[in-house]
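S.K.: One structure, pasted below without further comment.
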DNA sequence: GCGATATTGCTCTTCCGAATAGCAAAATTT
DNA sequence: AAATTTTGCTATTCGGAAGAGCAATATCGC
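Residue numbers (the working numbering), protein chains in the order written: chain A, 5 to 144; chain B, 5 to 144.
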């Protein structure tokens with residue numbers, strides 16, 4: 005990621021945010037590739053483990069993924085045997101982790117906690133505690 | 005952008021970074037839409053104004069856009085009459101702003117400086133000075 | 001209870017950004 | 001002069017995200 009001194013864009017918060025997110029996601033994707041999971045797959049696994057029996061729409065709301073786009077995502081996870089769809093009533097279904105899903109989740113956790121540590125480590129100590137709060141302030 | 009208290013992901017720097025960047029870009033896109041420009045279009049205009057006579061590949065390197073993807077982008081800008089391609093030698097061409105491009109750039113500047121101000125304003129004052137430095141640390 | 005309304009899960013389609021492979025012409029290196 | 005690199009491009013693919021629309025079902029107001 006070159007940062008030429010005469011780059012007039014590098015100082016702009018919006019531009020820096022975009023580039024940083026881009027670089028971060030490229031690296032996380034690579035680290036998750038051995039598990040055969042995309043970033044959104046991993047997010048879903050983590051979420052359904054933390055809050056059991058969520059419906060597809062609830063997951064979508066929490067992760068800001070549209071209903072329509074949840075379908076292929078969950079199909080993929082179900083096809084890989086990581087989740088199951090269990091009927092709640094005749095309309096809704098709960099998404100639950102299978103045993104294989106739980107096992108995969110453990111691998112995901114290992115990779116992501118390592119990843120998040122590495123990420124934070126690259127931020128100079130004096131800026132570090134401000135990083136997540138600043139980002140969260142942008143999400144209200 | 006909901007941030008439920010029992011969201012196990014919201015605290016993760018990587019996840020927060022992704023979501024913040026997503027939200028930011030969605031909003032910037034909207035603000036640029038009246039100018040009929042995408043975010044990358046605007047970046048290119050700003051860059052070619054600051055460093056004149058750059059070639060397509062140089063722009064790509066600076067903005068981290070691949071050669072192949074620069075082509076339709078520049079075609080679009082050229083089609084809109086905002087830039088011209090001027091031959092340097094028989095292989096390379098300089099990208100230069102047209103008069104219309106310069107005028108459009110002024111509008112871009114108005115929108116982006118306003119946007120960047122608004123963005124920073126949403127970050128609490130004690131975190132604000134740490135924001136861009138932290139992001140830049142992730143880009144090395 | 002019933003009718004209007006909202007929600008759920010889905011299909012199909014489109015768009016954008018990004019990536020890859022390949023290519024011809026021209027420049028640069030040695 | 002030959003080998004290598006660079007430039008600009010075509011063509012294709014992929015992933016994430018968005019939109020419109022739909023049938024079945026659940027929920028709310030009365």
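Ideal placement from N, C-alpha and C gives every residue a C-beta, glycine not left out. Since the model is a prediction, treat every value here as computed from it, not as a measurement.
Roughly how many whole angstroms lie between the Cα atoms of residue 41/B and residue 11/A?
M.R.: Taking the second chain and counting its residues from 1, the one referred to as residue 41/B is at position 37. Taking the first chain and counting its residues from 1, the one referred to as residue 11/A is at position 7. Straight-line Cα distance between these residues: approximately 21 angstroms.
S.K.: In the DSSP assignment, find the unbroken alpha helix (DSSP H) run with residue 89/A in it and report its ends.
M.R.: Locating residue 89/A in the first chain gives position 85, counting from the first residue. Per DSSP, residue 89/A belongs to no alpha helix (DSSP H); it is in the beta strand (DSSP E), 87-91.
S.K.: Name, in chain order, the residues that DSSP records as bridge partners for residue 98/A.
M.R.: The count along the first chain starts at 1 and reaches residue 98/A at position 94. Partner(s): 59/A, 90/A.
S.K.: Using 10 angstroms around the beta-carbon of residue 139/A, count the other beta-carbons present and answer buried if the total reaches 16, otherwise exposed.
M.R.: Here residue 139/A refers to the residue found at position 135 of the first chain. Its Cβ being crowded by 16 or more others within 10 Å, residue 139/A is buried.
S.K.: Locate the alpha helix (DSSP H) running through residue 36/A, then write down its first and last residues.
M.R.: Position 32 of the first chain, counting from 1, holds the residue named residue 36/A. Here the alpha helix (DSSP H) through residue 36/A covers 17-36.
S.K.: State yes or no: is the C-beta of residue 127/B within less than 8 angstroms of the C-beta of residue 141/A?
M.R.: The residue you call residue 127/B lines up with position 123 of the second chain. The residue you call residue 141/A lines up with position 137 of the first chain. Less than 8 angstroms separates the beta-carbon of residue 127/B from that of residue 141/A.
S.K.: Cβ of residue 123/B less than 8 angstroms from any chain A Cβ?
M.R.: In the second chain, the residue the question calls residue 123/B occupies position 119. Yes, its Cβ sits closer than 8 angstroms to a Cβ of chain A.
S.K.: Reducing DSSP to helix, strand and coil, say where residue 67/A ends up.
M.R.: As a first step, residue 67/A must be located in the first chain, where it is residue number 63. Residue state, collapsed to three classes: helix.
S.K.: Find the nearest neighbour of residue 97/B within the set 59/B, 106/B, 87/B, judged by alpha-carbon distance.
M.R.: On the second chain, residue 97/B is found 93 positions in, with the first residue counted as 1. Out of 59/B, 106/B, 87/B, 59/B has the C-alpha closest to the C-alpha of residue 97/B.
S.K.: Any beta carbon of chain B sitting closer than 8 angstroms to that of residue 137/A?
M.R.: By one-based count along the first chain, residue 137/A stands at place 133. Judged by the 8 angstroms Cβ criterion, residue 137/A is in contact with chain B.
S.K.: If we ignore side chains and look at the alpha-carbon of each, how far apart do residue 63/B and residue 36/B end up?
M.R.: Locating residue 63/B in the second chain gives position 59, counting from the first residue. Locating residue 36/B in the second chain gives position 32, counting from the first residue. Their backbone Cα atoms lie some 21 angstroms apart in a straight line.
S.K.: Do residue 88/B and residue 75/B have their C-beta atoms closer together than 8 angstroms?
M.R.: Translated into the one-based positions of the second chain, residue 88/B becomes position 84. Translated into the one-based positions of the second chain, residue 75/B becomes position 71. The answer is no: Cβ separation not under 8 angstroms.
S.K.: Please specify which runs of the alpha helix (DSSP H), each continuous and at least 4 residues long, are wholly inside the segment 112-142 of chain A, giving them in chain order.
M.R.: 132-141
S.K.: Closer than 8 angstroms, CB to CB, is residue 32/A near chain B or not?
M.R.: Counting from 1 along the first chain, the entry for residue 32/A is found at position 28. It does: the Cβ of residue 32/A has a partner Cβ on chain B nearer than 8 angstroms.
S.K.: I'd like the list of long-range same chain contacts for residue 77/A, defined as Cβ closer than 8 angstroms, with 5 residues on each side in sequence excluded.
M.R.: Taking the first residue of the first chain as 1, we reach residue 77/A at position 73. The residues are 44, 45, 48, 69.
S.K.: According to the Cβ coordinates, are residue 4/A and residue 18/B closer than 8 angstroms?
M.R.: Missing from the structure shown is residue 4/A; chain A here goes from 5 to 144 and no further.
S.K.: Kindly indicate if chain A contains any beta-carbon less than 8 angstroms away from that of residue 129/B.
M.R.: Sequence index remark: in the second chain, residue 129/B carries index 125 (1-based). For residue 129/B, the answer is no, since every Cβ of chain A falls outside 8 angstroms of its Cβ.
S.K.: In the segment 49-76 of chain B, which residues sit with their C-beta less than 9 angstroms from some C-beta in chain A, listed in chain order?
M.R.: If the cut-off is 9 angstroms between Cβ atoms, the segment 49-76 of chain B has 50, 51, 53, 54, 55, 65, 66, 67, 68 near chain A.
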